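Chemist: First the structure, then my questions, so here it is.
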Amino acid sequence: MSAILSIPSSNPPTISTFKNLDFCSTMAELKQHHAQIVKLGLSSDNDGTGRLIKFSALSQSGDLPYALKVFASLPQPDAFIYNTIFRAYLHAQLHTHCLSLYSHMLQNSVTPNNYSFPPVIRACAAAAGVGKQVHAHVIKFGFSRDSYCQNNLIRMYVGFDELEAARRVFDRMERKDDVSWTTMISGYSQCGWLGEALRVFETMAVKNSAAWNAVIAAHVQNNRFHDAFKLFDRMMEEDVEMDGFVAASMLAACTGLGALELGEWIHERMESRGIRIDTKLATTLMDMYCKCGRLDKAVEVFDGLRVKGVSSWNCMIGGFAMHGRGRDAIGLLKRMEAEAGRPDPVTFVNVLAACAHSGMVEEGRRYFSYMTEAYDIAPRMEHYGCLVDLLGRAGLLDEARMVIDEMPMSPDVGVLGALLGACRIHGNLEMAEEVGHRVIELEPGNSGRYVLLANLYAKEGRLEDVARVRKLMNDRGVKKVAGSSTIELAGSVCEFVAGGRAHPEAREIYAKVGEIVRRIRDFGYVTDSEGVLYEAGEEESENPLHYHSEKLAIAYGLLKTKPGDTIRVTKNLRVCKDCHEASKLISEAYDREIIVRDRNRFHHFKGGVCSCNDYW
DNA sequence: TTAGGGTTAG
103 MSAILSIPSS NPPTISTFKN LDFCSTMAEL KQHHAQIVKL GLSSDNDGTG
153 RLIKFSALSQ SGDLPYALKV FASLPQPDAF IYNTIFRAYL HAQLHTHCLS
203 LYSHMLQNSV TPNNYSFPPV IRACAAAAGV GKQVHAHVIK FGFSRDSYCQ
253 NNLIRMYVGF DELEAARRVF DRMERKDDVS WTTMISGYSQ CGWLGEALRV
303 FETMAVKNSA AWNAVIAAHV QNNRFHDAFK LFDRMMEEDV EMDGFVAASM
353 LAACTGLGAL ELGEWIHERM ESRGIRIDTK LATTLMDMYC KCGRLDKAVE
403 VFDGLRVKGV SSWNCMIGGF AMHGRGRDAI GLLKRMEAEA GRPDPVTFVN
453 VLAACAHSGM VEEGRRYFSY MTEAYDIAPR MEHYGCLVDL LGRAGLLDEA
503 RMVIDEMPMS PDVGVLGALL GACRIHGNLE MAEEVGHRVI ELEPGNSGRY
553 VLLANLYAKE GRLEDVARVR KLMNDRGVKK VAGSSTIELA GSVCEFVAGG
603 RAHPEAREIY AKVGEIVRRI RDFGYVTDSE GVLYEAGEEE SENPLHYHSE
653 KLAIAYGLLK TKPGDTIRVT KNLRVCKDCH EASKLISEAY DREIIVRDRN
703 RFHHFKGGVC SCNDYW
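Using the numbering used here, you'd call the opening residue of the first sequence number 103 and step up by one each time.
Listed below in C-alpha cells is the structure:
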C-alpha cells in the first residue's frame, strides 16, 4: 500500500521507465527496466510490457522465450501485444503456434485489429482449411477493404495454388494497389499461367518496376528468355529504369541463354546506375558468369564481396563443380570453413557434385560422411543423388546400387536417374533396364528417359525392345525434347535445333558442317552411332548426327567469328558422345577454344582435349 | 506494428 502510494501521481514514473525501453539495445538492459517495472507494480500494464515484449520478441538481440514468459504473466494482453507475438512466431516459422495464439486471442475476447490479420493469414501457409476460416474472420471483423489484409489473402491463396480464389479476392478489391497487382501477376507465374499473368499486367494503368519485374521474372522462370528480353526492352522504352530486382531477373535470363555479352551489359548498367549489389544480387551475377563460361569473372565478383553469404560461397563452389574443377571447389570449402563458418546442406551438394564431375571418388565418399560428422547435416535426397552419381560415373555401379537400397528414404527420380545415367556410361544394360523402367514409371512425361533406354537397346541390336519403348512413348503422347543449342554473336542469341533449316544462312551452315566433318576425319574422326535414333528427323538422308544442334552452332560460330575467338555454345540437353568427340577434334583442327555448356556441366575444348577428361 | 518483384544443386 505505502509503496504504491509513495509514487507521486503528478510525476508518473511509468512514462520515463517505459520510454527508456525504446532505447534498449540489449536484453540485459531490458531486464533492468523490467525489474523496475515489476518493482513499481506496473507489470500488468499493457503499454509498458507491450514495448518490453516487442523488443524481446522481435529485435535482433531479443529473446523470444523471455517475451513469452512476460506475455504469459499478463492478465489481459491487448491486441498490440498479441500482434507482436504473432509476428515473432512467424519469424521463427512457428506457424502453428501463431494460429493457436490467434484462437487464444478470440477465446480471451480480445478483438483482432487490422494489424492482426496479415501475420495470421501468413501463418495459414500450411493449412488451407484454416486459411478459409481466417478469411471468413477478416470479413466478420470488417477488414474487407483493408489492402494489407486483402493482399495477404491473395498471397495465401496463391500459395495454395488456388488461383481462382486469389483472383476473386483481387477482383473484389475496390482499390487495388501496386502490391495487389504484383502479387496477382507473380501468382499466375508460379503456376505457369503466363498468359493470365500477362493479361493482368497489361490491364495495369501505371506499371512500376515491381510489376515489370514480376512479369519479366514470370517469363524467366518458365524458360521464356527471349520473351523476357522483349519485355525488358519495352520497359526501357517506357522509361522505367532497371532496379536491382529487374537486374537479377535479367541476369537469370542471360544465364538461361548462355548470353555472356548481354549479361556483361546488364552488369555494366547495374554499375553505371549505382544499383547496390547485395548478397543475393551478387550471387545471381556470379551464377551468370559461372554458367556463361566466365569462371574468372565470377571469382572476381566473389573476391570483391565485402560480405559473403553462405549462398555466395555455395554459388562459387558450384561454379567450380560444373567446370570440373574439383580441387578448387574443395579448396574453397576449406576457405569457407576457415573464414565464414558453417557450410549448409547446399554447400555439400555442390562439393559432392564437384567430386562427381572430377572423378574424385575417395574425396566424395569422405565428404559425404564428413558433413554429418562435422556439421550434423543429415544427408538429404540430393546428397544421395550426388553420391550415386559419383560412384556410378566411376563405374562402381554395384556400390551405387547398394547406396540406393540402403538409403533411409525411398529414392526419387533424381537418384534413380543418376544410376541410370551411370548404366548408360558403362553400358550396363541389365541394370539400366530395371532402373529405367522404374524411372519411367516415376516420371512418365520425361522423354529423355525413354530415349536413353531405347538407345541402349539399339546399341545392343535389340530392335524389338527399341520399338516397344518407342510405342510406350507414343501411346503416352510423350514428345521428345528437341536438342537445341544457342550461340551468342554480337549480343544477339541464335538458336539451332537438331536438323533444323530455319536459319536464313542454313545452306552455308550445312556446307560448313560438311567441310568440318571432312577436315576432322583427317584428325581421326569416326562417326559414333550411339544415340542416333532419336536425335534427328528420320527423313534426313545424310547422317543426322552431323546436324546435331551443337554442330550447327559451332559451324555458325566458325563462320562468324575471327580466328582466335572463343566459341561459346549452350545446349539444352546433355552433349552426345559423337558431338563431344567432334568438338575435341574441331578445337584441334581449327585451333579454336570451344566452350560448351550442356545440361549438366561445362566442356572446355582446346587442342583436341576436353576439360572433362571425357568424364561427364 | 502490416504487404509485392530477384540468388545458390542434380
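The beta-carbon is built from N, C-alpha and C at its ideal position, and this holds for glycine as well. Values in this document were obtained by computation on a predicted structure and should not be read as measured data.
Using C-beta distances below 6 Å, list every residue in its chain close to residue 110, excluding the 5 sequence neighbours before and after it, in chain order.
Modeler: Confidence is the limiting factor: at residue 110 the pLDDT is only 36, short of 50, which leaves the residue's position unreliable, though a coordinate-based value still follows. Nothing listed; no residue qualifies.
Chemist: Tell me the rounded alpha-carbon separation between residue 439 and residue 531.
Modeler: 42 Å
Chemist: Given that a residue counts as buried once 16 or more other Cβ atoms are within 10 Å of its Cβ, and exposed if not, what is residue 178?
Modeler: exposed
Chemist: Using alpha carbons as the reference points, say which of 455, 393, 450, 483 lies closest to residue 475.
Modeler: When each option's Cα is compared against that of residue 475, the closest is 450.
Chemist: What does residue 588 pair with, by DSSP beta-bridge criteria?
Modeler: DSSP lists 597, 672 as partners of residue 588.
Chemist: Can you check the region 362-412 for any alpha helix (DSSP H) of at least 4 residues that lies completely inside it and give the ranges in chain order?
Modeler: 362-374, 381-393, 397-406
Chemist: With DSSP as the reference, identify every bridge partner of residue 704, one or two as the case may be.
Modeler: 699
Chemist: Ignore the nearest five residues each way along the sequence and tell me which others in residue 462's own chain have a CB closer than 6 Å to its CB.
Modeler: 428
Chemist: Where does residue 130 land, buried or exposed, given buried means 16+ other C-beta within 10 angstroms?
Modeler: Burial call: exposed.
Chemist: Report the residue from 525, 559, 517, 576 whose alpha carbon sits nearest the alpha carbon of residue 546.
Modeler: 576
Chemist: For residue 298, which residues from the same chain have a beta carbon less than 7 Å from its beta carbon, with the 5 sequence-adjacent residues on both sides left out?
Modeler: 290
Chemist: Any contact of the region 343-359 with the region 368-386, i.e. 3+ C-beta pairs under 8 Å?
Modeler: Counting Cβ pairs under 8 Å, three or more are found: they touch.
Chemist: Take residue 494 as the anchor and find which of 715, 525, 511, 507 has the nearest alpha-carbon.
Modeler: 525
Chemist: Alpha carbon to alpha carbon, how far is residue 159 from residue 165? Give it in angstroms, no decimals.
Modeler: 6 Å
Chemist: Would you give the residue range spanned by the alpha helix (DSSP H) that residue 559 belongs to?
Modeler: 549-561
Chemist: Does the distance from the C-beta atom of residue 595 to that of residue 333 stay below 8 Å?
Modeler: no
Chemist: Where does the unbroken alpha helix (DSSP H) through residue 178 begin, and where does it stop?
Modeler: Looking at the DSSP string, residue 178 is not in any alpha helix (DSSP H), and its letter there is neither H nor E.
Chemist: Please list, in chain order, all residues of the same chain as residue 711 whose beta carbon is under 7 Å from its beta carbon, the five residues on each side excluded.
Modeler: 686
Chemist: Can you tell me which of the three DSSP states residue 342 falls into?
Modeler: The three-state secondary structure of residue 342, taken from DSSP, is coil.
Chemist: Residue 237 to residue 342, Cα distance in whole Å?
Modeler: Distance from the CA atom of residue 237 to the CA atom of residue 342, rounded to whole angstroms, is 36 Å.
Chemist: Tell me the rounded alpha-carbon separation between residue 675 and residue 300.
Modeler: 29 Å
Chemist: Please name the residue or residues paired with residue 711 in a DSSP beta bridge.
Modeler: 708
Chemist: Does the region 601-615 touch the region 544-562, meaning 3 or more C-beta pairs lie closer than 8 Å?
Modeler: no
Chemist: So for residue 276, helix, strand or coil by DSSP?
Modeler: coil
Chemist: Could you give the C-beta distance for residue 381 and residue 417, rounded to a whole number, given that I count them as a contact under 8 Å?
Modeler: With 8 Å as the limit, residue 381 and residue 417 do not qualify as a contact, their Cβ atoms being about 10 Å apart.
Chemist: With a Cβ-Cβ cutoff of 8 Å, do residue 768 and residue 192 count as a contact?
Modeler: There is simply no residue 768 to check, as the chain begins at 103 and stops at 718 in what is shown.
Chemist: Quick one: grab the DSSP three-state call for residue 414.
Modeler: helix
Chemist: What span of residues does the alpha helix (DSSP H) with residue 432 cover, start to end?
Modeler: 428-441
Chemist: Keeping to the same chain, check which residues put their C-beta closer than 7 Å to that of residue 422; ignore five residues upstream and five downstream.
Modeler: 430, 431, 434, 456
Chemist: So residue 585 and residue 651 are supposed to be a Cβ contact under 8 Å. How far apart are they, rounded?
Modeler: 5 Å
Chemist: In three-state DSSP terms, what is residue 479?
Modeler: coil
Chemist: Output yes or no for whether 8 Å exceeds the beta carbon distance between residue 696 and residue 688.
Modeler: Yes, these two residues count as a Cβ contact at 8 Å.
Chemist: Using only the alpha-carbon positions, how far apart do residue 175 and residue 485 sit?
Modeler: 46 Å
Chemist: With a threshold of 16 other CB atoms inside 10 Å of the CB of residue 210, please say whether the residue is buried or exposed.
Modeler: exposed
Chemist: Tell me whether residue 228 is buried or exposed, calling it buried when 16 or more other Cβ atoms sit within 10 Å of its Cβ.
Modeler: Burial call: exposed.
Chemist: In chain order, what residues of the same chain have a beta carbon less than 7 Å from the beta carbon of residue 527, not counting five sequence neighbours either side?
Modeler: 495
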